[in-house]
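In what follows, a structure is listed as structure tokens, so that the remarks can point back to it.
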Amino acid sequence: MNALDEAEKRARLEEIAPERLAELDAEDEGEDHPLPDLPNVEDYDEVRMRCAPNPNGPWHLGHARMPAVIGTYKERYDGWMLVRFDDTDPETKRPDLDAYDGILDDIDYLGFKPDEVVKASDRMETYYEHARELIGLGGAYTCSCSGEAFSELKNDGEACPHREKNPGVVRDEFEAMIDGEYESGEMVLRVKTDIEHKNPALRDFVAFRMVDTPHPREEAAAYRCWPMLDFQSGIDDHLLGITHIIRGIDLQDSAKRQQFVYDYFGWEYPEVVHWGHVQVDAYDVQMSTSTIKAKIEAGELDGWDDPRAPTLKSVRRRGIRGQAIVDAMVELGTSTSDVDLAMSSIYANNRDLIDEETPRAFLVRNGFAPRSEGAEAAYAATEVPIAGGPETAHPPVHPNHEERGERDIPVGDAVLVETADLPDEGERVWLKGYGPVRYDGDGFAYTDDDIDAVREEGVDVIHWVPAAGSVPVRLRRTDGDVYGYAEPGYADYDPDDLTQFVRVGFARYDRADEDETVAYYAHQ
RNA sequence: GCUCUGGUGGUGUAGUCCGGCCAAUCAUCUUGCCCUCUCACGGCAAGGACCAGGGUUCGAAUCCCUGCCGGAGCACCA
Numbered sequence: 101m102n103a104l105d106e107a108e109k110r111a112r113l114e115e116i117a118p119e120r121l122a123e124l125d126a127e128d129e130g131e132d133h134p135l136p137d138l139p140n141v142e143d144y145d146e147v148r149m150r151c152a153p154n155p156n157g158p159w160h161l162g163h164a165r166m167p168a169v170i171g172t173y174k175e176r177y178d179g180w181m182l183v184r185f186d187d188t189d190p191e192t193k194r195p196d197l198d199a200y201d202g203i204l205d206d207i208d209y210l211g212f213k214p215d216e217v218v219k220a221s222d223r224m225e226t227y228y229e230h231a232r233e234l235i236g237l238g239g240a241y242t243c244s245c246s247g248e249a250f251s252e253l254k255n256d257g258e259a260c261p262h263r264e265k266n267p268g269v270v271r272d273e274f275e276a277m278i279d280g281e282y283e284s285g286e287m288v289l290r291v292k293t294d295i296e297h298k299n300p301a302l303r304d305f306v307a308f309r310m311v312d313t314p315h316p317r318e319e320a321a322a323y324r325c326w327p328m329l330d331f332q333s334g335i336d337d338h339l340l341g342i343t344h345i346i347r348g349i350d351l352q353d354s355a356k357r358q359q360f361v362y363d364y365f366g367w368e369y370p371e372v373v374h375w376g377h378v379q380v381d382a383y384d385v386q387m388s389t390s391t392i393k394a395k396i397e398a399g400e401l402d403g404w405d406d407p408r409a410p411t412l413k414s415v416r417r418r419g420i421r422g423q424a425i426v427d428a429m430v431e432l433g434t435s436t437s438d439v440d441l442a443m444s445s446i447y448a449n450n451r452d453l454i455d456e457e458t459p460r461a462f463l464v465r466n467g468f469a470p471r472s473e474g475a476e477a478a479y480a481a482t483e484v485p486i487a488g489g490p491e492t493a494h495p496p497v498h499p500n501h502e503e504r505g506e507r508d509i510p511v512g513d514a515v516l517v518e519t520a521d522l523p524d525e526g527e528r529v530w531l532k533g534y535g536p537v538r539y540d541g542d543g544f545a546y547t548d549d550d551i552d553a554v555r556e557e558g559v560d561v562i563h564w565v566p567a568a569g570s571v572p573v574r575l576r577r578t579d580g581d582v583y584g585y586a587e588p589g590y591a592d593y594d595p596d597d598l599t600q601f602v603r604v605g606f607a608r609y610d611r612a613d614e615d616e617t618v619a620y621y622a623h624q
């Protein structure tokens, strides 16, 4: 009934309330977006956002959320995306020189292109300029209290003696900080907020401190006086025209702290969205840069792309599309509560993306080297002589796409099958893509049964490879390495090619070593 | 201790602002069936949730109160 006069209703609405019609259309479009609307988008000419990673190491899976969500919003609002490396801690979170390009590479893998890339460590003079200005406005003071001493005063809501220091002295001491005349811990510049603020986290926070360790980037190695995140990031967000900040709840109080700086300068604070922490299931290794780094150094992981590492390099090597990760991250939304990301949803997304285009191949498993706790699997292959049938098998490249042709697998005198698939003596089995055989205890004899044997008589269909000419494969899984033999055609694959090993799962061809070919397992 | 912030199936999410159309959406997941040269894809079906207790109301996932549980900040880390 209602559907019948939908068009009529629209026409009528157009007449009496065109603005309402536009609203309806906007609502309809909104249904396609898993992510909630960004706040107050209409107040800005352009939605400008930033990813602000600390380049202190390669990215783990959780890091993907930042570009995934921000990049998706960028596409949705036709906005602008900055990648800004917040590398202002040369010591505790010391930047890793390879991480700058590594992160950009990961963002590219996820399918996004930043409109601009900057490094905070290139912008030091800008931060100094603004600090000078802030001092001029009476909004900051140099302080030589020890951390503990200040903390104690602060917790009691009491100002330290340096707070009312003569502005000229503050100016001189700050210049001395810039000139590196203090050592680490001797002097900081604090933002004057409200020392009695009911939230102790907001009271007179540190804007600059001394760091003795030189920055690893040559261009920034001479600086000793470094801004803290709250100051640097706050200044940059304004200067770079950021309209929407999207970041984790750990920075919840940051906006409130930075608001004080913005107030001194008379700036408007951007819109902010905070999200909770992400945990990913399916990994034994904790998702943290330092933990992964430690495990690699201890030899427990082979590297950042070890299949057991919850890193982007790892899933990438397994042949999982960046898009699958992005989709999963976007589905998580931007809730402030902590969320668990199920790898199965990444796998489901990936399967959606690759199944149609991925060719099939046989892999007969024979051996397993577990590399994680509780992993168990027993795979064994049996060689069985075969006689009486055609010389070659022709299974399709893809069961849903006849037009892609057939694989040609020579059978030879014997085949390998997984021992668990071996039928009882006297029973038949259907070698997939080849035909029916009867097992006589020693070998397979081709029978003349047609496919009805499978359809109506319940003969099992199993995968197999020829005993001669098959490709020894090591299939690297998150729980260990599976050994086996792939059909001869697998020798023609190139690195990055995907295949679906029938009844085993999707895998990415990695390389051909001298004695074996290495593939990485993605998922079933 | 102080200050924020959150709690819908196994997981994620919609609904919460403006109480009824919610015996709660969608996806993933699990199970069963169908399709198929046993995978994957596809189709069908089933399973599974409003943190607890009070209150307001004709009516509460939605509003109020209390409790419980969780996360974050109070760094010269980001």
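The number in my numbering is simply the position in the first sequence, starting from 1, with 100 added.
Beta carbons: idealized from backbone N, C-alpha and C, even for Gly.
Quick one: residues in its chain with C-beta nearer than 6 Å to the C-beta of Phe544, no 5 flanking neighbours on either side, listed in chain order?
Here residue 544 refers to the residue found at position 444 of the first sequence. Hits under 6 Å: Val484, Ile486, Val537.
Do the CB positions of Val426 and Thr172 come within less than 8 Å of each other?
The residue given as residue 426 occupies position 326 in the first sequence. The residue given as residue 172 occupies position 72 in the first sequence. Against a cut-off of 8 Å, the Cβ pair of Thr172 and Val426 comes out as a contact.
In chain order, what residues of the same chain have a beta carbon less than 6 Å from the beta carbon of His377, not counting five sequence neighbours either side?
Stepping through the first sequence from its first residue, residue 377 is reached at position 277. Hits under 6 Å: Asp438.
Our contact map puts Gly285 next to Tyr364 with C-beta atoms below 8 Å; I'd like the distance itself, whole angstroms only.
Along the first sequence, read from residue 1 onward, the residue named residue 285 stands at position 185. Along the first sequence, read from residue 1 onward, the residue named residue 364 stands at position 264. Wrong, their Cβ atoms sit about 26 Å apart, outside the cutoff.
Expressed to the nearest angstrom, what Euclidean distance is found between the alpha-carbon atoms of Asp137 and Arg223?
Translated into the one-based positions of the first sequence, residue 137 becomes position 37. Translated into the one-based positions of the first sequence, residue 223 becomes position 123. Computed Cα separation, rounded: 32 Å.
Spatial distance of Thr547 from Gly488 (CA atoms)
Taking the first sequence and counting its residues from 1, the one referred to as residue 547 is at position 447. Taking the first sequence and counting its residues from 1, the one referred to as residue 488 is at position 388. So the two alpha carbons sit approximately 8 Å from each other.
On the DSSP letters alone, give me the boundaries of the beta strand (DSSP E) that His623 sits inside.
Numbered from its first residue, the first sequence carries residue 623 at position 523. Residues 617-623.
Gly334 and Gln358 look like a contact to me (Cβ under 8 Å); what is the Cβ gap, rounded to whole Å?
In the first sequence, the residue the question calls residue 334 occupies position 234. In the first sequence, the residue the question calls residue 358 occupies position 258. Right, their Cβ atoms sit about 4 Å apart.
Identify the residues that DSSP records as bridge partners of Val306: which are they?
The count along the first sequence starts at 1 and reaches residue 306 at position 206. Note: Val306 sits in a beta bridge opposite Arg290.
To the nearest angstrom, report how far apart Lys320 and Asp508 are at their CA atoms.
In the first sequence, the residue the question calls residue 320 occupies position 220. In the first sequence, the residue the question calls residue 508 occupies position 408. Rather than Lys, the amino acid found at residue 320 in this sequence is Ala. Going from the Cα of Ala320 to the Cα of Asp508 covers about 60 Å.
Can you list, in chain order, the residues of its chain with a C-beta nearer than 6 Å to that of Glu506? Leave out the 5 residues immediately preceding and following it.
As a first step, residue 506 must be located in the first sequence, where it is residue number 406. His494, Pro496.
Helix or strand or just coil, what does DSSP make of Gln332?
Taking the first residue of the first sequence as position 1, residue 332 is located at position 232. Gln332 falls in the helix class under three-state DSSP.
Which partner residues of Thr242 appear in the DSSP bridge assignment?
Counting from 1 along the first sequence, the entry for residue 242 is found at position 142. Paired residue(s): Leu289.
Residue range of the unbroken beta strand (DSSP E) whose run includes Ile346
The residue you call residue 346 lines up with position 246 of the first sequence. Counting along the chain, the beta strand (DSSP E) containing Ile346 begins and ends at 344-348.
Can you tell me which residues form a DSSP beta bridge with Gln386?
One-based indexing of the first sequence puts residue 386 at position 286. DSSP output for Gln386 lists no bridge partner at all.
Contact check, Thr391 vs Trp159 under 8 Å by CB: the rounded distance?
Walking along the first sequence from the start, residue 391 turns up at place 291. Walking along the first sequence from the start, residue 159 turns up at place 59. Actually they do not touch by this definition, with Cβ atoms about 14 Å apart.
How long is the line joining the alpha carbons of Asn466 and Ala586, rounded to whole angstroms?
As a first step, residue 466 must be located in the first sequence, where it is residue number 366. As a first step, residue 586 must be located in the first sequence, where it is residue number 486. Whole-angstrom Cα-Cα distance: 11 Å.
Per-residue burial, Pro588 [other beta carbons within 10 Å of its own, 16 or more giving buried]:
Translated into positions along the first sequence, residue 588 becomes position 488. By the 10 Å Cβ count, Pro588 comes out buried.
With 16 other CB atoms within 10 Å as the buried threshold, where does His230 fall?
Translated into positions along the first sequence, residue 230 becomes position 130. The residue is buried, with at least 16 neighbouring Cβ atoms inside 10 Å.
With a floor of 4 residues, list each alpha helix (DSSP H) that falls wholly inside the segment 353-412, ordered by position along the chain.
389-397
Would you identify the three-state DSSP class for Lys219, choosing helix, strand or coil?
Here residue 219 refers to the residue found at position 119 of the first sequence. Residue state, collapsed to three classes: strand.
Just to confirm, is the Cβ distance from Val561 to Arg460 under 8 Å?
Residue 561 sits at position 461 when you count from the first residue of the first sequence. Residue 460 sits at position 360 when you count from the first residue of the first sequence. Cβ atoms of Val561 and Arg460: not closer than 8 Å.
Helix, strand or coil at Asp610 [DSSP, three-state]
By 1-based counting over the first sequence, the position of residue 610 is 510. Reduced to three states, the DSSP call for Asp610 is strand.
Using a Cβ distance threshold of 8 Å, determine whether the segment 177-196 contacts the segment 442-462, with at least three qualifying pairs required.
no
Which residue wins for smallest C-alpha separation from Tyr362, given the options Met310, Asp405, Lys292, Glu397?
Along the first sequence, read from residue 1 onward, the residue named residue 362 stands at position 262. Considering only alpha carbons, the answer is Lys292.
What span of residues does the beta strand (DSSP E) with Glu483 cover, start to end?
One-based indexing of the first sequence puts residue 483 at position 383. Counting along the chain, the beta strand (DSSP E) containing Glu483 begins and ends at 481-487.
Give me the Cβ distance between Pro384 and Glu476, rounded to the nearest whole Å; I'm assuming they're in contact under 8 Å.
Here residue 384 refers to the residue found at position 284 of the first sequence. Here residue 476 refers to the residue found at position 376 of the first sequence. First, the residue type needs correcting, since residue 384 is Asp and not Pro in the sequence shown. That belief does not hold up - the Cβ atoms of Asp384 and Glu476 are roughly 14 Å apart, past 8 Å.
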